[in-house]
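Residues in the sequence shown are numbered consecutively from 101, following my numbering.
Positions of the beta carbon are idealized from the N, C-alpha and C atoms, including for glycine.
Structure first, then comments.
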Amino acid sequence: MQIDTEHLHHWMRAIRESEDPMRTMDAFWRGQILSKEWLIAEIKKLEEYFINCPTIDIHGGWVGTLSSLIFQSDIGVDSITSIDIDPTCKKTAEKMNQIEYEAGKFHAVTSDMCAYESTADIIINTSFEHITQDQYDQWLSNLPLKSLIILQSNNYNIPEHIRIANDLEEFKSQTKLKNILYAGELDLPLYKRFMVIGQK
Ligand SMILES: C[S@@+](CC[C@H](N)C(=O)[O-])C[C@H]1O[C@@H](n2cnc3c(N)ncnc32)[C@H](O)[C@@H]1O
């Protein structure tokens, strides 16, 4: 997908002015970006969910990379809210999405995702491997029945991943979604990324 130079300028500024630029740059590893491009390519196929420009909540939204990629794609969205428990993410995510933030289309919130009441049409969580099954179960129980839910995890066994999935089948069962519209995996050099799209 294409990244335009104006957005690129805001990305660089967000990284430069963040509290820990090296850590912020972890959001731009090839595997991170490829996983988000994959997500965008798959949701674009679910055209019926995008006819009326949906609202999107991204839980564990980190520094707002996925939000920016969605804004720069040809998917029409009303607005995106990025929720993260780390208070340093809010300012960086706002800078990453400066154009849409100024237009009132992007919001960043500091909150535990399990305590945040989402009412968005589309709810994304690509930080699945950063929460326990109990946290996830509570998080899922708070979500509206009508929302399209998009989840990503992986089999990358590193200390900061507190609950990985060994394969796609295990991930599907961890998600507990009843109505699965898509399930797939992406082979990356160091790990496999899994994605499930569905509803409760
Ligand atoms: C390393 S990052 C994102 C990794 C993910 N694979 C991705 O592609 O976006 C994980 C993020 O989840 C956030 N996080 C962890 N637990 C959370 C919680 N309970 N509520 C909200 N955000 C949380 C962290 O603060 C961090 O910004």
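Tell me which same chain residues have a C-beta within less than 7 Å of the C-beta of residue i, skipping the five on either side of it?
i	result
residue 288	131 and 134
residue 298	249, 277, 279, 280 and 281
residue 198	110
residue 195	110, 113, 114 and 117
What do you get for residue i, buried or exposed, if any count of 16 or more other CB atoms within 10 angstroms of its CB means buried?
i	result
residue 153	exposed
residue 147	exposed
residue 181	buried
residue 237	exposed
residue 246	exposed
residue 161	buried
residue 186	exposed
residue 136	buried
residue 120	exposed
To the nearest angstrom, how far is it from the Cα of residue i to the Cα of residue j?
i	j	result
residue 262	residue 207	27 Å
residue 254	residue 156	22 Å
residue 212	residue 159	9 Å
residue 178	residue 232	31 Å
residue 224	residue 244	13 Å
residue 264	residue 241	21 Å
residue 235	residue 214	7 Å
residue 286	residue 293	5 Å
residue 202	residue 184	20 Å
residue 290	residue 150	33 Å
residue 228	residue 271	10 Å
residue 191	residue 200	14 Å
residue 193	residue 221	21 Å
Out of the options, state which residue places its alpha-carbon closest to the alpha-carbon of residue i.
i	options	result
residue 165	265, 127, 215 and 283	127
residue 300	167, 251 and 264	251
residue 274	239, 291 and 258	239
residue 230	216, 192, 257 and 142	257
residue 124	209, 167 and 189	189
residue 210	222, 175 and 163	163
Can you find the residues in the same chain that come closer than 8 Å, C-beta to C-beta, to residue i, ignoring five residues on each side of it along the sequence?
i	result
residue 172	101, 102, 103, 104 and 107
residue 170	140, 156, 177 and 180
residue 266	255
In chain order, what residues of the same chain have a beta carbon less than 6 Å from the beta carbon of residue i, not counting five sequence neighbours either side?
i	result
residue 284	295
residue 216	183
residue 226	252
Are there any heavy atoms of ligand 3 lying less than 7 Å away from the beta-carbon of residue i, as far as the coordinates show?
i	result
residue 208	No copy of ligand 3 occurs in the structure displayed; its ligands are ligand 1 alone.
Handout entry: Check your reading: residues with Cβ closer than 5 Å to ligand 1 heavy atoms
Key = Every residue passing the under-5 Å Cβ criterion appears here: 160, 162, 184, 185, 186, 212, 213, 226, 227 and 230.
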